[in-house]
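Let me begin by presenting the structure, written as structure tokens, before commenting on it.
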Amino acid sequence: MTCFAIQTNRLRKVYQGELGQKDYVGLEGLDLEIPAGEVFAFLGPNGAGKTTTIKVLMRLLRPSSGSVMINGVSNTQHQSMERVGYLSEQPNIYGYLTAREFLDFIGKLFGLAPSVRRKRIDGLIGLVGLKDRDRTLIRGFSRGMTQRLGMAQALMNEPDILILDEPLSNLDPVGRKDMRDIILSLKAQKKTLFFSSHILHDAEIVADRVGILDHGRLVQTGTMQELMGSGLKTIEIIYSIPEAGESVLGLSRERIVRQGDRTLTWTENMESAQEILGKLLKNGGKVFSVTPQRQSLEDLFISRIRG
Amino acid sequence: MKWPAIASLTYKETIRNRILINILLFAVALIALSLIIGDWSLGEQAKVIKDFGLSAMSLFGLLIALFIGIRLMVQELEQRTIYLVASKPVRRWEILFGKFAGLSLTLLLNVILMLLALWAVDWIIEKRIDFELAAAVVLIYVEILLIVAFALFFSSLMSPTLAAVATLAVFIAGHLSPILRDYVQLHPGSGLKKLYLAIYYIIPNLENLNLKMAVVEHLERPPHAVGMGILYGLLYLSFVLTATCMIFEKKDLK
Numbered sequence: 001m002t003c004f005a006i007q008t009n010r011l012r013k014v015y016q017g018e019l020g021q022k023d024y025v026g027l028e029g030l031d032l033e034i035p036a037g038e039v040f041a042f043l044g045p046n047g048a049g050k051t052t053t054i055k056v057l058m059r060l061l062r063p064s065s066g067s068v069m070i071n072g073v074s075n076t077q078h079q080s081m082e083r084v085g086y087l088s089e090q091p092n093i094y095g096y097l098t099a100r101e102f103l104d105f106i107g108k109l110f111g112l113a114p115s116v117r118r119k120r121i122d123g124l125i126g127l128v129g130l131k132d133r134d135r136t137l138i139r140g141f142s143r144g145m146t147q148r149l150g151m152a153q154a155l156m157n158e159p160d161i162l163i164l165d166e167p168l169s170n171l172d173p174v175g176r177k178d179m180r181d182i183i184l185s186l187k188a189q190k191k192t193l194f195f196s197s198h199i200l201h202d203a204e205i206v207a208d209r210v211g212i213l214d215h216g217r218l219v220q221t222g223t224m225q226e227l228m229g230s231g232l233k234t235i236e237i238i239y240s241i242p243e244a245g246e247s248v249l250g251l252s253r254e255r256i257v258r259q260g261d262r263t264l265t266w267t268e269n270m271e272s273a274q275e276i277l278g279k280l281l282k283n284g285g286k287v288f289s290v291t292p293q294r295q296s297l298e299d300l301f302i303s304r305i306r307g
Numbered sequence: 001m002k003w004p005a006i007a008s009l010t011y012k013e014t015i016r017n018r019i020l021i022n023i024l025l026f027a028v029a030l031i032a033l034s035l036i037i038g039d040w041s042l043g044e045q046a047k048v049i050k051d052f053g054l055s056a057m058s059l060f061g062l063l064i065a066l067f068i069g070i071r072l073m074v075q076e077l078e079q080r081t082i083y084l085v086a087s088k089p090v091r092r093w094e095i096l097f098g099k100f101a102g103l104s105l106t107l108l109l110n111v112i113l114m115l116l117a118l119w120a121v122d123w124i125i126e127k128r129i130d131f132e133l134a135a136a137v138v139l140i141y142v143e144i145l146l147i148v149a150f151a152l153f154f155s156s157l158m159s160p161t162l163a164a165v166a167t168l169a170v171f172i173a174g175h176l177s178p179i180l181r182d183y184v185q186l187h188p189g190s191g192l193k194k195l196y197l198a199i200y201y202i203i204p205n206l207e208n209l210n211l212k213m214a215v216v217e218h219l220e221r222p223p224h225a226v227g228m229g230i231l232y233g234l235l236y237l238s239f240v241l242t243a244t245c246m247i248f249e250k251k252d253l254k
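What follows is the structure, given as structure tokens:
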């Protein structure tokens, strides 16, 4: 039997409604199989159940039914978390501690020896760029600094699996790039990464496989290649041609957009693009650009969510 | 064992808590003030000071248990810092027990400081230290721990305000519960005898932890009163903490 890094089996989570309110189904029959070393992006609109899934994986929420296995160990056992690092969405960290004190505390929770803790803290503080602020109280940290410290604590146990809830949100462009670089270096180290994101572009860059969640149900899952196929949507051609030659191209009016002396047209396949280009050149036309338009993850996401 | 790390963190957190420092300063000031109040009594100055000082310790212990005990877990949940701890390879009971142990340590320090203040005042009046006071203070400390345990229990079930009311109710009822037992003994034919006894046994008898009068008045104490009080308090405490751990074990950390 294959042992997955993360595996969920018919996971269901129902939130009990407050007095007079209906119960709310947060997750419905979620089956996930994430092999070791894979980077899996978990996408979905607000309220789709991404954070609920992550909290169930991390033992913060108890599932109503179904099970979670981490490296083949049920997550009902606290030991299953020994090789897991977790970063919550907009982490809140004890403001009365310094970054060093906080990471030391996290190290203790993993049962690390003092010498190991010291060494790892030095490395992590440098990795997340908090060297100048490691001895000041966290209370004075910006949101971005807190997020980076959150990432450092997620790496304190040198985990095999990282579960990150919106790791790239709430960061300025530089912070986002730094965080993305950390994620890419973890990918290079063959760590298993499971992360949720609203930023589809980041998912597209980082993920090997994507899952799209909507109303608590997994509506699509697959590798980037499976989801996008060849990914070719249209080929856009920008050209100019003497008025007399326009009719020779045989293009329908709906596919012609004029801007000054330039014209934009498009076609769905390479053969007809080549045919248009041939006619253009033959009739004294000029070609300014030929741009293949590929389906983005965003297109796929929107088509799945809107049905 | 991860709870000592959580206890150490909680100790750090609570020792820096402004409410705690204020309450402690106020308590020490009040014990010092007992010098003046004792001065008004006729020849009973030392007794009044000791009685006043021990009552102040008990009262301020209750206030700390209410203000900090209830916020202890609620704050972790509201600020979502609990995610940092509960997502680690730590058992839920270790989180709760660590929090309790950390606050207990802070409270121990407070009680010691208040006792030292009381001894200092006593030294000024009697030119000696009444070590008997320590017996009453030990039980006051056990009582405070028990109230903290109840504060944690109620705060895991209801809103902080309701939890404070419920904890206060336990404190008051706990000191009045022997009346129920005495009533049943005096009126054995009472139709509600079983109900009264059930309430008496459910609510802790906090008078078992009250040696203030005996110590101040130098009355004869029941044999092993301190030992039995500690045993009674700790047994009750472990029961309440176990129940709280069971609730916390199943709790969704939203």
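Chains A and B, in that order, are what the protein sequence lines are. For the first sequence, position 266 matches number 266 in my numbering, and the numbering has no gaps at all. For the second sequence, position 32 matches number 32 in my numbering, and the numbering has no gaps at all. For every residue, glycine included, the Cβ atom is placed at its ideal position computed from N, Cα and C.
Proximity below 7 angstroms, CB of residue i to CB of residue j
i, j, result
"Ile-68(B)", "Thr-10(B)", "no"
"Ile-140(B)", "Met-57(B)", "yes"
"Asp-134(A)", "Arg-100(A)", "yes"
"Pro-178(B)", "Glu-217(B)", "no"
"Gly-95(A)", "Arg-139(A)", "yes"
"Val-56(A)", "Gly-216(A)", "no"
"Tyr-201(B)", "Arg-181(B)", "no"
"Thr-234(A)", "Glu-268(A)", "yes"
"Gly-227(B)", "Val-142(B)", "no"
"Val-206(A)", "Val-14(A)", "no"
"Ala-65(B)", "Ala-151(B)", "yes"
"Ile-93(A)", "Thr-146(A)", "yes"
"Val-215(B)", "Ala-135(B)", "yes"
"Gln-7(A)", "Glu-33(A)", "yes"
"Val-257(A)", "Leu-251(A)", "no"
"Ser-156(B)", "Phe-100(B)", "no"
"Leu-202(A)", "Leu-168(A)", "The sequence as given places Asp at residue 202(A); Leu does not occur at that position. Yes."
Proximal residues to residue i (C-beta, below 6 angstroms), its chain only, five neighbours per side dropped
i, result
"Leu-11(A)", "Leu-27, Leu-30, Pro-63 and Gly-66"
"Ile-125(A)", "Lys-131 and Asp-134"
"Leu-253(B)", "Ile-82 and Ala-86"
"Ala-149(B)", "Leu-237, Val-240 and Leu-241"
"Arg-221(B)", "Ala-214"
Through-space distance from residue j to residue i, alpha-carbon basis
i, j, result
"Gln-75(B)", "Pro-160(B)", "10 angstroms"
"Ile-82(B)", "Arg-59(A)", "12 angstroms"
"Leu-113(B)", "Leu-211(B)", "19 angstroms"
"Gly-85(A)", "Phe-154(B)", "32 angstroms"
"Leu-227(A)", "Ala-188(A)", "23 angstroms"
"Ala-198(B)", "Lys-88(B)", "41 angstroms"
"Asn-170(A)", "Val-240(B)", "42 angstroms"
"Val-219(A)", "Leu-43(A)", "10 angstroms"
"Ser-80(A)", "Met-1(B)", "16 angstroms"
"Phe-288(A)", "Tyr-239(A)", "5 angstroms"
"Leu-25(B)", "Ser-55(B)", "16 angstroms"
"Ile-70(A)", "Leu-186(A)", "18 angstroms"
"Met-158(B)", "Lys-127(B)", "49 angstroms"
"Ile-276(A)", "Leu-249(A)", "6 angstroms"
"Arg-118(A)", "Trp-3(B)", "20 angstroms"
"Leu-103(A)", "Pro-91(A)", "14 angstroms"
"Thr-98(A)", "Ile-121(A)", "12 angstroms"
"Gly-49(A)", "Asp-214(A)", "7 angstroms"
Sequence-distant residues of its chain with Cβ nearer than 7 angstroms to residue i (five each side left out)
i, result
"Ser-8(B)", "Gly-102"
"Val-316(A)", "Within the shown structure, residues of chain A are numbered from 1 to 307, placing residue 316(A) beyond reach of any answer."
"Gly-53(B)", "Ile-31, Ser-34, Leu-118 and Val-121"
"Asp-165(A)", "Thr-51, Ile-54, Leu-87, Ser-88, Glu-89 and Ser-196"
"Phe-301(A)", "Leu-43, Leu-200 and Ile-212"
Contacting residues, own chain, Cβ-Cβ under 8 angstroms from residue i (five flanking each side not counted)
i, result
"Ala-5(B)", "Gly-98"
"Lys-191(A)", "Gly-37, Pro-159, Asp-160, Ile-161 and Leu-162"
The ligand MG heavy atom lying under 6 angstroms from the CB of residue i
i, result
"His-175(B)", "What this structure holds is no ligand at all, so the ligand MG is not there to describe."
Residue i at chain E interface by Cβ criterion, 7 angstroms
i, result
"Met-81(A)", "Among the chains of the structure shown, chain E does not appear; the protein chains present are A and B."
Positions along the stretch 188 to 222 of chain A whose CB lies within less than 9 angstroms of some CB in chain B:
Result list empty, no residue passes.
Suppose only complete runs of 3+ residues qualify. What are the beta strand (DSSP E) ranges in the stretch 23 to 97 of chain A, listed by chain order?
The stretch 23 to 97 of chain A contains, as complete beta strand (DSSP E) runs of 3+ residues, the segments 24 to 34, 39 to 43, 65 to 70 and 84 to 87 (chain order).
Residues of the stretch 40 to 70 of chain A in Cβ contact with chain B at a cutoff of 8 angstroms, in chain order, please.
Answer set for the stretch 40 to 70 of chain A: Lys-55, Met-58, Arg-59, Leu-60, Leu-61 and Arg-62.
For the stretch 147 to 159 of chain B, which residues have a CB atom closer than 9 angstroms to at least one CB atom of chain A, in sequence order?
None of the residues of the stretch 147 to 159 of chain B has a beta carbon lying less than 9 angstroms from any beta carbon of chain A.
Against chain A, which members of the stretch 68 to 95 of chain B pass a CB distance test of less than 9 angstroms?
Flagged, chain order: Gln-79, Arg-80, Thr-81, Ile-82, Tyr-83, Leu-84, Val-85, Ala-86, Ser-87, Lys-88, Pro-89, Val-90, Arg-91, Arg-92 and Glu-94.
Ignoring anything shorter than 3 residues or poking outside the stretch 90 to 144 of chain A, list the beta strand (DSSP E) runs there in chain order.
Here no run is fully enclosed.
Quick check for students: name the residue ranges of the alpha helix (DSSP H) that lie wholly in the stretch 28 to 83 of chain B, counting only runs of 4 or more.
DSSP runs (the alpha helix (DSSP H)) wholly in the stretch 28 to 83 of chain B: 45 to 64 and 70 to 78.
Closer than 8 angstroms, Cβ to Cβ, to anything on chain A: give me those residues from the stretch 11 to 30 of chain B, in chain order.
Of all residues in the stretch 11 to 30 of chain B, Lys-12, Glu-13 and Arg-16 have a Cβ within less than 8 angstroms of some Cβ in chain A.
Residues of the stretch 257 to 283 of chain A in Cβ contact with chain B at a cutoff of 8 angstroms, in chain order, please.
Cβ contacts with chain B come from no residue of the stretch 257 to 283 of chain A.
As an exercise, report each continuous alpha helix (DSSP H) stretch of at least 4 residues that is fully enclosed by the stretch 199 to 234 of chain A, in chain order.
The qualifying runs are 200 to 206 and 224 to 228.
Listed from N- to C-terminal order along the chain, which residues in the stretch 237 to 252 of chain B have their beta-carbon within a distance smaller than 7 angstroms of any beta-carbon of chain A?
Those residues of the stretch 237 to 252 of chain B that come within reach of chain A (Cβ to Cβ, closer than 7 angstroms) are Lys-250 and Asp-252.
At 4 residues or longer, what runs of the alpha helix (DSSP H) sit wholly inside the stretch 156 to 188 of chain A?
The qualifying runs are 173 to 188.
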